[in-house]
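Notes follow the structure.
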Amino acid sequence: MLLDRLTRTEHNALRMAEIVGVLAKYGLAGWLAAIPHTAWLRRRLTPSRFHQITEMSHEVRVRLALTALGTTFIKFGQVLSTRPDVVGPALADELSKLQTDTPPDPPDVVGQTIIDELGKKPDDLFAEFDPVPMASASIGQVHAGKLHDGRRIVVKVQRHGIQEKVNRDLDLMAGLAELAERYYEPSRGYRPVATVRQFRKVLARELDFAAERRNLEQFARHFGKDSCVHFPEPVPALSSRRVLTMERLEGVRGLDVKVNPAAGITPDELALRAARVYLKMIFQDGFYHADPHPGNYLVLPGGVLGILDAGMVGRLDEDIRDRLESLIVAVNHRDPVRLTETVTAIGSSPPTDPEGLKAEVTDFVHDFADRPLAELDLSAALNRMTDIIRRFGILLPPEVALLLRTLVVLEGSARQLSPSFSLAEVIHLYVREHGVGQLWRRFRRKVRRTARDWDRFLTDLPRELDEIMKRFREGKLDIHHEHKGMERTVNRLVRGLIAAALIVASAMMWSMNTPPLLYGLSVFGVLGYAVAIWMAFWLIRSARE
Numbered sequence: 006m007l008l009d010r011l012t013r014t015e016h017n018a019l020r021m022a023e024i025v026g027v028l029a030k031y032g033l034a035g036w037l038a039a040i041p042h043t044a045w046l047r048r049r050l051t052p053s054r055f056h057q058i059t060e061m062s063h064e065v066r067v068r069l070a071l072t073a074l075g076t077t078f079i080k081f082g083q084v085l086s087t088r089p090d091v092v093g094p095a096l097a098d099e100l101s102k103l104q105t106d107t108p109p110d111p112p113d114v115v116g117q118t119i120i121d122e123l124g125k126k127p128d129d130l131f132a133e134f135d136p137v138p139m140a141s142a143s144i145g146q147v148h149a150g151k152l153h154d155g156r157r158i159v160v161k162v163q164r165h166g167i168q169e170k171v172n173r174d175l176d177l178m179a180g181l182a183e184l185a186e187r188y189y190e191p192s193r194g195y196r197p198v199a200t201v202r203q204f205r206k207v208l209a210r211e212l213d214f215a216a217e218r219r220n221l222e223q224f225a226r227h228f229g230k231d232s233c234v235h236f237p238e239p240v241p242a243l244s245s246r247r248v249l250t251m252e253r254l255e256g257v258r259g260l261d262v263k264v265n266p267a268a269g270i271t272p273d274e275l276a277l278r279a280a281r282v283y284l285k286m287i288f289q290d291g292f293y294h295a296d297p298h299p300g301n302y303l304v305l306p307g308g309v310l311g312i313l314d315a316g317m318v319g320r321l322d323e324d325i326r327d328r329l330e331s332l333i334v335a336v337n338h339r340d341p342v343r344l345t346e347t348v349t350a351i352g353s354s355p356p357t358d359p360e361g362l363k364a365e366v367t368d369f370v371h372d373f374a375d376r377p378l379a380e381l382d383l384s385a386a387l388n389r390m391t392d393i394i395r396r397f398g399i400l401l402p403p404e405v406a407l408l409l410r411t412l413v414v415l416e417g418s419a420r421q422l423s424p425s426f427s428l429a430e431v432i433h434l435y436v437r438e439h440g441v442g443q444l445w446r447r448f449r450r451k452v453r454r455t456a457r458d459w460d461r462f463l464t465d466l467p468r469e470l471d472e473i474m475k476r477f478r479e480g481k482l483d484i485h486h487e488h489k490g491m492e493r494t495v496n497r498l499v500r501g502l503i504a505a506a507l508i509v510a511s512a513m514m515w516s517m518n519t520p521p522l523l524y525g526l527s528v529f530g531v532l533g534y535a536v537a538i539w540m541a542f543w544l545i546r547s548a549r550e
């Protein structure tokens, strides 16, 4: 049985007993009693074995239980806080408060980790290295130092043994998720197996400091020409999977700007600048920093915004960005039908009740439609929409759920700096300023992709036709056809092929700027598209007749 396999070793059995005991203490283990052949588990669930805590809300008890279970479960709760579409906005908000209180590794352990990873002692690698950490978290701790060339740096060192501990806990967590999904029907709506599987991927990235180094390098490329934003520069020669050496940023902490006029920027200006930086990351780059709380902001000399901690990032492909833009257009136009269609298209599972979803979305639009942008609470709107999505069984892709949570945190952080801040208004202005140019750039990318797809199709076509003819000659090709209306069908097929060829040729001329040009566009490319569109309309109309 699954549970027997999970508890085969003494360590795993003891850890499983500890997990069950903590869940039971906080009144969260009732579902385990339904699992067959687990008498020892049921004995641990009897209230006489512990003081059961049930007077607090369910959300608070979940947070306290995860805190008591340590690093892996705390990180799991933090990841769940980005999935209000799975756990609901109330629990997601409570889990966002999770903090770890683990003592740092002692200096000799830190030194040995650096030797194992970089091959030398800290004193040989750095001109200065402070063995006492300046900050400590669940996965790593940060030490101040200086390079031999005089640059001030920080060294992020992974906790000793954390990888092995996390892997053991993940195996037990995956087993519990499988048991819950198999034997406890109410849990299936939370998709525990898929959720734990996604968490394993997220945590694997966070445990790989080389991935964080690459994130910093990518942010530097995206903002290389922007003198108002700065990310720490990593030192690749002194970095590895468990050690990350990077530039030390020194300035005024985000929230301290409110009481420190020497920062050179007002709280309102900082909130606006941070929001615009995030909108660029999301809508232009498709690669964004996913932890926008004020503790990760520094105001550097000259009013430059420094952004720390690139361990958690989000990525958005072209399709998702297109759908997000459709979502914004639908909200701006107060169009519940289009908004419902877009939400359904974004989700990776269909709604359980499409008509009920449409009615809820219509109410949502009417409730928020008449408010001025400056007064619109985007966080409340996103939380309500997420709750609607969850209640109708739509599962959002993890990257979309992370983005929605990032926007909620971004607005909350900005309002800590500037109480009158409106992220909805900033998004509206940003889209007005950049929307046309951005759509044009994306359209050109789509044209180039379409041209490549058609080029590949036309390259493969002779080989595919040859294969068809070969099968035909060998008598292995079955064709089922009727002669009704064959002439019209052939005519439509020929025109369709001509239209397709025109699209391919026009796309190539457009992407290569084939002269003559008018307003920077290939004249023949535009004419080809126009003729192809006309033929497409003709084909659609003739098909309907």
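Residue numbering for the sequence shown follows our numbering, starting at 6 and increasing by one per position. Backbone N, C-alpha and C fix where the C-beta goes; we use that ideal spot for every residue, glycine too.
Check: Secondary structure at GLU60, three-state DSSP: helix, strand or coil?; Outcome: coil
Check: Which of the three DSSP states, helix, strand or coil, is assigned to GLY180?; Outcome: helix
Check: Taking DSSP's pairing of strands, which residues face HIS294 in a bridge?; Outcome: VAL318
Check: Which residues bound the beta strand (DSSP E) around LEU310?; Outcome: 309–312
Check: Would you identify the three-state DSSP class for GLY398, choosing helix, strand or coil?; Outcome: coil
Check: Between the C-alpha atoms of TRP445 and GLU323, what's the straight-line distance to the nearest angstrom?; Outcome: In this prediction, TRP445 scores a pLDDT of 49, lower than 50, which makes its location untrustworthy; the coordinate-derived value is nonetheless stated afterwards. Between TRP445 and GLU323, the C-alpha separation is close to 13 Å.
Check: Just curious, the beta strand (DSSP E) that ILE158 is in, first and last residue?; Outcome: 157–163
Check: Looking only at its chain, what residues have a beta carbon closer than 6 Å to the beta carbon of ASP174, apart from the 5 residues adjacent to it on each side?; Outcome: THR77
Check: Report yes if the CB atom of PRO109 is closer than 9 Å to the CB atom of PRO138, and no otherwise.; Outcome: yes
Check: Classify ALA379: buried if its beta carbon has 16 or more other beta carbons within 10 angstroms, exposed otherwise.; Outcome: exposed
Check: Answer with buried or exposed for ARG54, where buried requires no fewer than 16 other C-beta atoms within 10 angstroms of its C-beta.; Outcome: No answer about ARG54 holds up, because its pLDDT of 49 lies below 50 and its placement is not dependable.
Check: In the DSSP assignment, find the alpha helix (DSSP H) that holds GLY283 and state where it starts and stops.; Outcome: The sequence shown places Tyr at residue 283, not Gly. Element bounds for TYR283: 272–284.
Check: From the DSSP output, in three-state form, read off THR411 for me.; Outcome: helix
Check: For ARG20, count neighbouring C-beta atoms within 10 Å of its own C-beta (all shown protein chains included) and say buried if the count is 16 or more, exposed if not.; Outcome: buried
Check: If you drop the 5 nearest sequence neighbours on each side, which residues of the same chain put their C-beta closer than 6 Å to that of ALA225?; Outcome: PHE236
Check: Rounded C-beta distance between GLU222 and PRO239? I'm assuming under 8 Å.; Outcome: 7 Å
Check: In the DSSP assignment, the beta strand (DSSP E) including ALA149 goes from what residue to what residue?; Outcome: 145–151
Check: With 16 as the cutoff for other CB atoms within 10 Å, does THR357 come out buried or exposed?; Outcome: exposed
Check: Going straight from the alpha carbon of ALA419 to that of THR347, what length do you get?; Outcome: 28 Å
Check: Between the C-alpha atoms of THR464 and ILE473, what's the straight-line distance to the nearest angstrom?; Outcome: 16 Å
Check: Would you call ALA535 buried or exposed, if buried means 16 or more other Cβ atoms sit within 10 Å of its Cβ?; Outcome: exposed
Check: Measuring CB to CB, does LYS161 end up less than 9 Å from GLU252?; Outcome: no
Check: Quick one: give me the first and last residue of the beta strand (DSSP E) that VAL262 is part of.; Outcome: Neither: VAL262 is in no beta strand (DSSP E) and is coded neither H nor E.
Check: What span of residues does the beta strand (DSSP E) with THR250 cover, start to end?; Outcome: 248–252
Check: Compare the beta carbon distance of TYR302 and ILE287 with 9 Å and say whether it is the shorter of the two.; Outcome: no
Check: Figure out for me which residue from ARG219, LEU310, PRO241 and ALA295 has the closest Cα to the Cα of ASP231.; Outcome: LEU310
Check: Could you check if ILE538 is buried or exposed, using at least 16 other CB atoms within 10 Å of its CB as the buried criterion?; Outcome: exposed
Check: Would you kindly work out how many angstroms separate the C-alpha atoms of LEU249 and GLU60, rounded to a whole number?; Outcome: 44 Å
Check: Using 10 angstroms around the beta-carbon of HIS294, count the other beta-carbons present and answer buried if the total reaches 16, otherwise exposed.; Outcome: buried
Check: How big is the Cα-Cα spacing for LEU69 and SER427?; Outcome: 33 Å
Check: What are the boundary residues of the beta strand (DSSP E) that VAL137 is part of?; Outcome: No beta strand (DSSP E) holds VAL137; DSSP gives it neither H nor E.
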